[in-house]
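Remarks on the structure that follows.
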Amino acid sequence: MSLSQAQKKAFRSIGHHLNPVVTVSENGISEGVIAELERALNDHELIKIKLALPERDDRAAMLEELVTQSGAVRIQTIGKVALLYRHNPKANAKLSNVKRFAEHHGRH
Numbered sequence: 001m002s003l004s005q006a007q008k009k010a011f012r013s014i015g016h017h018l019n020p021v022v023t024v025s026e027n028g029i030s031e032g033v034i035a036e037l038e039r040a041l042n043d044h045e046l047i048k049i050k051l052a053l054p055e056r057d058d059r060a061a062m063l064e065e066l067v068t069q070s071g072a073v074r075i076q077t078i079g080k081v082a083l084l085y086r087h088n089p090k091a092n093a094k095l096s097n098v099k100r101f102a103e104h105h106g107r108h
């Protein structure tokens with residue numbers, strides 16, 4: 001799935017106000033982490049995850065693995081926090097961050 005620069009900009013604007021919903025520690029990627037990532041992407045479509053690893057290269061490798069396993073798109077990475085998006089055509093409008101904040105992106 002490829003997104004336009006305008007879509008990515010809108011998602012970054014929405015994501016600015018989100019808190020991380022999934023945290024990956026030095027223990028790595030477990031079945032529980034994958035299950036929580038799947039649930040979060042299905043419910044919210046656009047989520048922040050925190051990679052609690054000290055080394056930048058380790059964070060990058062773990063993020064790539066998470067993106068590959070989940071089928072999500074990395075929108076942005078700043079430090080230890082990454083913003084991921086995966087479209088869900090059946091997303092609940094009350095849970096989806098994309099649908100809830102669509103009219104708010106960047107315009108306060």
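Following UniProt numbering, the residues of the sequence shown are numbered contiguously, the last one being 108.
Where is the CB? At the ideal position from N, CA and C, for every residue including glycine.
When DSSP labels each residue in this structure, what does residue i get in the three-state scheme?
i    : result
K50  : strand
A82  : strand
A102 : coil
Counting only the same chain and skipping the five closest in sequence on each side, list residues whose C-beta sits under 8 Å from that of residue i.
i   : result
K94 : R100
Once you ignore the five residues that flank residue i on each side, which residues in its own chain have a CB closer than 6 Å to its CB?
i   : result
A40 : V21, V22 and I47
N88 : N42 and E45
Quick one: Cα of residue i to Cα of residue j, how far?
i   : j   : result
I34 : V73 : 15 Å
K50 : E38 : 15 Å
R56 : I75 : 17 Å
N19 : R12 : 13 Å
When we look at the beta-carbon of residue i and count the other beta-carbons within 10 Å, is it buried (16 or more) or exposed?
i   : result
N97 : buried
G28 : exposed
Suppose only complete runs of 4+ residues qualify. What are the alpha helix (DSSP H) ranges in the UniProt domain "CRM" (1 to 97), listed by chain order? 5 to 15, 31 to 44 and 56 to 70
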